[in-house]
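Here my numbering runs 1048 ahead of the position in the sequence shown, where the first position is 1.
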Amino acid sequence: QTTYDTPREVSAAFLASLSETAEEAESNRTGSEKSKRRIRIEAGGSMNIYLVLDASDSVGEGNFTQARDALVQLVEKISSYGVFPHYAILTFATEPHVVLSALAPRSSDADFVTTQLEKLQYKSHAQRSGTNTRAALTALYNMMVQQEREELQRGHKVAPVANSTRHVLLLMTDGNTNMGGSPEPVVAQIRELLSINRGREDYLDIYVFGIGALVNLQNLNALATHKSNEKHVFHMQNIQDLRKTFQEMIDESEVLSMCGLGYDYQEASDQQKHPWHVAIKIARPGKGQEICKGSLISPYYVLTAAHCFDINDEAQWISVDVGPQLVNKVEELQSHPQYHIGALRDKGIPEFYDYDVALVKLKKPVPFSPTVRPICLPCTEGATRALRKPHPETSCQHHERLLLPAGEVPALFVHEKVDRQRRKVLERKEVHIKNGPKKSACEADAKKALIYVNVTDVSQVVTPRFFCSGGIDPVVDPNTCKGDSGGPLIIHKGKRYFQVGVISWGVVDVCKDPQQQSPPYARDFHLNLFTVLPWLRKELAKEELGFM
Ligand code: MVZ
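As structure tokens, this is what we get:
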């Protein structure tokens, strides 16, 4: 009788040892917990991950391909954590193929590594009848020796591979070794090279993932490292579970506070895909309920538009809903001090949205989970990490250049609608911020708004605080509806999500008559967060967002 590991068990075990620092931090949960973990991974953080994939006949093409795709996902996931190990890729059957050496100049470039992985072909091994695990591990051992030699030649600039690099070996095989002899002596050689037996257990992890129809668990067990309380051999019912495993690593508590992470696989729920998304409900006594959108930016704070509230609104009338279940009470509302909707009324301009941004402070912090987590704010340490840039060298100007290059910048917002079964559905809308030559044409269309007939110069209502999206040039952009107000305008970059704007106002409300195609002058204006950083920094000083 065979028992299988569940994706959850595997991801927990695997992630725990990928970042052994997690346990250390767990045991003394003080304020600096997060930074401690990150520093550990980075500064001490020379790590090699060897991806070794069995391409022999007994594994089969289908299993090979799925294991390869799971590895692509794993590499992407690790890089989205802001961890940049060196990767090596090796396939083997009768003979080993070194596809990527850990010594290669781009071995820590996740995009390059995934491209190499995607190119792997089962058929590249002409001789597939053999499963020569020993030859594969020998090739790997030689790679380590070679790296050590090169590093010594370079004059110890990099910490030598045998002393301070952590080595993680992921071996995906069915364990049906049938040639080359036992691989175990080579494992012993590797351990010797890395002095693993001399109190350095942390420096080598060998994980063996059983793939294929007929897995030889005994052989797999002989290869994996054996540490107390740690499991290193995983056998899942099917390969699909392996992909789930790597996806689920995101669930582990230690990464929950990271910003701008969202599940991006198909089966994920809407809230898992957009875990920062909140609905803000305002129930004014004797009046109907009004709804705005917002974004979770820390355990206590939601960012939204100031125009969602009236001057006289009370915190007790407001609730913040994260998903359908979680309803939060509000402690206080803070609109930007320079927001004055009526500032231009004497000029016949009834509404003026400059500085249309507000913070909603919750009574209790929301516990983060896979459906509840913060989005990244520009010019914070979290965003630097998410952009995979060094901290603290990276400046706010760097963020602005990276997130908002000149031209048409692809961005997105989330529109909440109800489907035929009256269930809430979150829909992604992809737009383009006009941040180049097309900006002034975008802004000029503000005059087409019904309330702006008395506007003589668009700069009266389109201040430097706004981004402009919408229109049909260079492509047709979807538009916002009034109900989208307060929601985040998001840049999706490197599998992370960054809020650059707050949805403020538009020229036409496309939801009012949804049948009609929106006119080319349908534009939308979003408060530019880069222009309110001093206010955010001041109001969020206690939130440990690491504003720079
Ligand atoms: C507001 C709107 C959003 C907010 C997001 C409006 C100008 C004056 Br307020 C719209 C909107 N999207 C489309 C429109 Cl219209 N209303 N814009 N009033």
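Positions of the beta carbon are idealized from the N, C-alpha and C atoms, including for glycine. Because the structure is a prediction, the values reported are computed rather than measured.
With C-beta atoms as the reference, is residue i less than 8 Å away from residue j?
i	j	result
R1393	C1490	no
P1385	V1548	no
V1580	Y1313	no
I1539	A1589	no
S1343	W1324	yes
E1429	F1578	no
R1513	L1575	yes
N1245	T1179	no
T1181	P1233	no
L1309	R1544	yes
A1353	A1406	yes
Q1194	E1143	no
D1521	K1486	yes
Helix, strand or coil: which one does DSSP assign to residue i?
i	result
P1578	Note on residue identity: the sequence assigns Phe, not Pro, to residue 1578. In this structure, F1578 counts as helix in the three-state DSSP scheme.
Q1337	strand
N1483	strand
H1384	coil
E1199	helix
K1411	coil
F1546	strand
F1282	strand
I1499	helix
C1427	coil
Y1251	helix
H1447	helix
L1185	helix
V1292	First, the residue type needs correcting, since residue 1292 is Lys and not Val in the sequence shown. Residue state, collapsed to three classes: helix.
W1583	helix
A1316	coil
R1214	strand
W1179	Reading the sequence as shown, one finds Thr at residue 1179 and not Trp. T1179: coil per DSSP, three-state reduction.
K1171	helix
R1077	Annotation note: pLDDT 33 at R1077 (below 50); position unreliable, coordinate value reported separately. If DSSP states are grouped into helix, strand and coil, R1077 belongs with coil.
E1475	strand
M1095	strand
E1379	strand
F1112	helix
L1588	coil
L1374	strand
A1150	coil
Residue range of the beta strand (DSSP E) that residue i falls in?
i	result
S1367	I1366 to V1370
H1325	H1325 to A1331
C1516	F1514 to G1518
I1137	H1134 to F1140
L1351	Y1349 to T1352
Check the DSSP bridge columns for residue i and list the partner residues they point to.
i	result
W1553	F1573
M1220	L1101 and F1257
P1536	V1550
K1541	R1544
K1145	Contrary to the premise, residue 1145 reads as His rather than Lys in this sequence. Paired residue(s): T1139.
S1343	H1325 and L1351
S1417	V1420
A1406	T1352 and S1383
F1595	T1428
Excluding five sequence neighbours on each side, which residues of the same chain lie with their C-beta closer than 6 Å to the C-beta of residue i?
i	result
E1441	none
D1369	A1327 and V1375
G1258	L1268 and H1283
For residue i, which residues in the same chain have their Cβ closer than 7 Å to its Cβ, ignoring the five residues on either side in sequence?
i	result
Y1170	A1103, E1109, F1112 and T1113
V1555	D1493, A1494, K1496, A1497, Y1569, A1570 and R1571
V1509	I1397, F1400, A1494, Y1500 and V1503
R1116	L1101, L1165 and L1168
K1465	V1473 and E1475
T1432	H1439 and T1442
D1222	D1102, S1106, V1107, G1258, I1259, G1260, L1262, V1263 and N1264
At which residues does the alpha helix (DSSP H) containing residue i begin and terminate?
i	result
I1238	E1232 to L1241
A1270	L1265 to L1271
A1459	Where A1459 is concerned, there is no enclosing alpha helix (DSSP H), although the beta strand (DSSP E) it sits in stretches over G1455 to V1466.
V1161	A1158 to E1166
Return the chain-ordered list of same chain residues with a C-beta closer than 8 Å to the C-beta of residue i, the five sequence neighbours on each side being excluded.
i	result
R1077	The predicted position of R1077 is uncertain, since its pLDDT is 33 and thus under 50; a value taken from the coordinates is nonetheless stated next. Correct list: empty, nothing qualifies.
Q1337	K1329, I1330 and A1331
E1196	P1208, V1209, A1210 and L1241
Shorter than 8 Å from the beta carbon of residue i to some beta carbon of chain B?
i	result
G1260	Chain labels in this structure do not include chain B; a single protein chain is all it has.
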